[in-house]
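Peer 1: Here it is, the structure, as structure tokens.
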Amino acid sequence: MAEKRVLIIDDCQIPSTIAAHSWSDFINDDDNIELYICTSNGALSEKDKSSPYIRAYKEIAHPTTDGTLELWAFEMHKKYSFTHVYTNNEDLIMRTAHVRSLLNINTGLTAELVPAYREKVRMKEIAAQSGFPVPPFTRLYAPADLIGFIEKYGYPVVVKPTLGCATSGLHLIKTKDELETFLSSKLFACIDIEQRMDLVGEFMVEGYMNGRMFHVNGIAKNGQIIYAWPFAYLHTCLDFAQQGKAYGNSSIPRSDPLHDRLCKTAQRLLNILPKPSDGLVFHLELYENLDENRLPDDDFVLCEIAARAPGGSITNLIDLLSFQNDKNQSFARLDFRASVSLPISKLIEDNEEKVITELVIPRQPGKLMYIPRECPIHNLTYIPIADVEKPTTYEKFDVNGMNVACRFIAHTKTRNEGQELVEQGFQWFESVCINIPFDEPCPATLLKELHRYFHKKIFV
């Protein structure tokens, strides 16, 4: 029996802009390890299915909504005595922690520790009790709690699930009319009113923060950060999901004073939160603190922290920053190995500073008739995500679907240069892509079809 016997709990149903990996790619020849995997149908690669490191696997339709996952884990543990349980799926972090506690596995977050990294109210309570800046917030048990909060703090406010992922279930309320709409048609629609009529504290409200947003992605061991990658958001996921605006990320180089300030802030928060006994992979989101009366070290306000790798395409950006010259290394590999107590490689620092900037262009409602294959702008990487071969339709943002038309990535020396370059790419894309709204009349459609035809004749 191998020294490390790792249960992997995963769900790969949601489409991604990043290529999938094989779990066996993260294993070295001298690792004394066995993997046991429960994942979604069709998610396991053929390479993994034939790998000697993978001793058993189970594929089910919807792991995030199927409680028999835990039954399988419990029965398999009786046979193989797992030493670690791993997931990188935010929807499964809480359940994975409870599996660890059920199986008496102390590596990683347990049921007792996980609320600090998953349940947004408990997270902010712990931070606030130790003086870490947080927005005003409260848990919601009834509409009166929301009304009272707005009476005290004013508009705008944000209502969101305490166990939400990304922008799912998030509502920005800016006026009394929007409050009335939310209370009359949205709040109770979020729960199964055939089963119950009361909220049970699964929602929270917090004050809206106007400052810029940043995120720090890293790996800590016994509570101490060993690697960290800070980024600035270009616009936000909320803008992307609710307003159909482009959003992106720009890495912050070490020469920028923001780099150290963000890393120190991340370590300050980890010093406050309960620590897992081994590795912790985290994604921390912070607001810029615009309070003129803030304390000297209170540069940022907590949005939230998650015990997982960053989502979307951020891990790809980290790979471009730190592992472009080492194709055998990746953030995903570091994530897995640190989480299951395997040794991780020392990063080789690049002497030349560089900035990676990305802009993600959302789909717009309608029929996408034409999307270019290539971009003529020099020093800008263009990655079409939508189908370039045939027209496709898109109705609205779906947290479980593919909402991206394309990505732009720039490699520059400064953040300003990178932002200017990806914005230039966005302007070019808007000028050439053809998206026909559902309600547009046929003559306008014909004109756009002619434009598409002549553009392809000239540029493709």
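369 is the number that numbering that gives the first Met the number 0 gives to position 370 of the sequence shown; each next residue is one higher, with no gaps.
All C-beta atoms in this analysis are idealised placements derived from N, C-alpha and C, irrespective of residue type, glycine included.
Under the rule that 16 or more other beta-carbon atoms within 10 Å means buried, what is Gln223, buried or exposed?
Peer 2: Gln223 comes out exposed.
Peer 1: Could you pull out every residue in the same chain whose Cβ sits closer than 6 Å to the Cβ of Asn105, ignoring the five residues on either side in sequence?
Peer 2: Taking Asn105 as the centre and dropping the five residues before and after it, the same chain places the C-beta of Ser276 closer than 6 Å to its C-beta, in chain order.
Peer 1: What three-state label does DSSP hand Gly200 in the structure shown?
Peer 2: coil
Peer 1: Whole angstroms are fine: how far does the CA of Arg99 sit from the CA of Leu6?
Peer 2: 10 Å
Peer 1: Return the CA-CA distance between Ile355 and Gly417, expressed in angstroms with no decimal places.
Peer 2: 7 Å
Peer 1: Helix, strand or coil: how does DSSP classify Lys48 here?
Peer 2: helix
Peer 1: What are the partner residues of Val398, as DSSP defines its beta bridges?
Peer 2: BP columns for Val398 are empty, so no partner.
Peer 1: Buried or exposed: which applies to Gly247, given that a residue is buried once 16 or more other Cβ atoms fall within 10 Å of its Cβ?
Peer 2: buried
Peer 1: Bridge partners of Lys57, per DSSP?
Peer 2: Cys37
Peer 1: The alpha helix (DSSP H) spanning Ser100 covers which residue range?
Peer 2: For Ser100, the uninterrupted alpha helix (DSSP H) run begins and ends at Ile92 to Leu101, by DSSP.
Peer 1: What would DSSP say about Asn248, mapped onto helix, strand or coil?
Peer 2: strand
Peer 1: Measure from the alpha carbon of Gly424 to the alpha carbon of each residue in Val339, Lys263, Val398 and Ala245, then state which is nearest.
Peer 2: Ala245
Peer 1: Quick check on this structure: which residue in Asp65, Gly153 and Leu237 has the alpha carbon closest to the alpha carbon of Gly168?
Peer 2: Of the listed residues, the one whose Cα sits closest to Gly168 is Leu237.
Peer 1: Do the region 404-422 and the region 376-383 touch if we need at least three Cβ pairs shorter than 8 Å?
Peer 2: yes
Peer 1: Among Arg372, Tyr152, Gln363 and Val156, which residue has its Cα nearest to the Cα of Asn434?
Peer 2: Gln363
Peer 1: Cutting at 6 Å between CB atoms, please list the residues of its own chain near Phe322, excluding the five before and the five after it.
Peer 2: Gln328 and Ser329
Peer 1: Compare the beta carbon distance of Glu205 and Phe299 with 8 Å and say whether it is the shorter of the two.
Peer 2: Result no, Cβ atoms of Glu205 and Phe299 do not sit closer than 8 Å.
Peer 1: Just list the residues that DSSP pairs Thr391 with in beta bridges.
Peer 2: Leu367
Peer 1: Using a Cβ-Cβ cutoff of less than 6 Å, which residues in the same chain neighbour Ser50 once the five nearest sequence positions on both sides are dropped?
Peer 2: Ser23
Peer 1: Leaving out the 5 sequence neighbours to the left and right, which residues in its chain are closer than 7 Å to Gly243 when beta-carbon positions are compared?
Peer 2: Pro361 and Gln363
Peer 1: Grouping DSSP H, G and I as helix and E and B as strand, with all else coil, what is Thr411?
Peer 2: strand
Peer 1: Restricting to Cα atoms, I'd like to know which of Ala188, His234 and Thr411 is closest to Phe202.
Peer 2: For the residues Ala188, His234 and Thr411, the minimum Cα distance to Phe202 belongs to Ala188.
Peer 1: Taking contact to mean at least 3 C-beta pairs separated by less than 8 Å, is the region 30-43 in contact with the region 54-66?
Peer 2: With the cut-off at 8 Å, the region 30-43 and the region 54-66 touch.
Peer 1: DSSP three-state label for Val300, please.
Peer 2: strand
Peer 1: My output table needs one value for Ile384: the three-state DSSP class, helix, strand or coil.
Peer 2: DSSP places Ile384 in coil when its eight states are reduced to three.
Peer 1: Quick check on the burial criterion: 16 or more other C-beta atoms within 10 angstroms. Buried or exposed for Asp10?
Peer 2: buried
Peer 1: Do you know offhand how far Thr82's Cα is from Glu291's?
Peer 2: 49 Å
Peer 1: Would you call Val199 buried or exposed, if buried means 16 or more other Cβ atoms sit within 10 Å of its Cβ?
Peer 2: exposed
Peer 1: For a test of the three-state rule: what should DSSP assign to Gln128, helix, strand or coil?
Peer 2: helix
Peer 1: Can you tell me where the beta strand (DSSP E) with Met212 in it begins and where it stops?
Peer 2: Met212 to Lys220 is the extent of the beta strand (DSSP E) around Met212.
Peer 1: With burial defined as no fewer than 16 other Cβ atoms inside 10 Å of the residue's Cβ, what is the status of Asp318: buried or exposed?
Peer 2: buried
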